[in-house]
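Position one of the sequence shown corresponds to residue 35 (our numbering), numbered consecutively onward.
Heads up, the beta-carbon is just placed ideally off N, CA and C, and yes, glycines get one too.
To keep things clear, I will list the structure first and then write my remarks on it.
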Amino acid sequence: MLSELNAMVERWDEEDDARRIMQRALTIGEMFTVERPLLGPLPEEEFETGLVSSLRVDRYSQVRVRTNHYSVPVRLIGRMVRVVLHASELVVYDAHKEVARHERLIGKGGSRLELDHYLEALVRKPGALPGATALDQARSAGKSAWGAAQARQATGGRKDGDV
């Protein structure tokens, strides 16, 4: 079946090479023969299809993208980060290192907070834990603060691109 499909595509390609566009003197195949030596190699890097922005991390360890807020690790407060907004997700980079990845929020004025981004600050200020918005979001998603802390400790404190 696949070989038949490949043969059909090959036939269509040959037919297209023999085709002329309107009243042009050369066929598509002949024009490509002229153009081929002028083409350069493809770039080594992948082409980024998302919307790229440089944003400053606010004092709440968040970046604002359009009308929504997304958390990043607290160590980045005050720093510029690169944010790539895709159709279904948002990725945050510090230099070339990925530091956060979130499912994109659909509505306006929302926030997507990852509890792990705040654990470092919550260790220094344990009194802030009971009222933390990140903790509320983690609970509603079925995660526990203790489970997140244990997982972080098991990986030596590394998560999502940490070295």
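Beta-carbon proximity list for residue i, same chain, < 6 Å, skipping 5 on both sides
i, result
"R138", "S122, E123 and L124"
Three-way DSSP call (helix, strand, coil) for residue i in this model
i, result
"H103", "strand"
"V125", "strand"
"E78", "coil"
"H130", "coil"
"R58", "coil"
"E148", "coil"
"L85", "strand"
"R109", "helix"
Proximal residues to residue i (C-beta, below 7 Å), its chain only, five neighbours per side dropped
i, result
"V91", "V97, V106, L110, I111, G112, R113 and V115"
Under 8 Å between C-beta atoms of residue i and residue j
i, j, result
"G84", "H136", "no"
"V86", "V118", "yes"
Endpoints, the alpha helix (DSSP H) within which residue i is located
i, result
"R45", "L36 to D51"
"M114", "Here M114 belongs to no alpha helix (DSSP H); instead the beta strand (DSSP E) covers M114 to L119."
"G63", "I62 to E69"
Start-to-end residues for the beta strand (DSSP E) that takes in residue i
i, result
"V91", "Element bounds for V91: n/a, residue is neither H nor E."
Contacts around residue i, its chain only, beta-carbon distance under 8 Å, and the 5 residues preceding and following it disregarded
i, result
"V99", "S87, L89, V117, L119 and L124"
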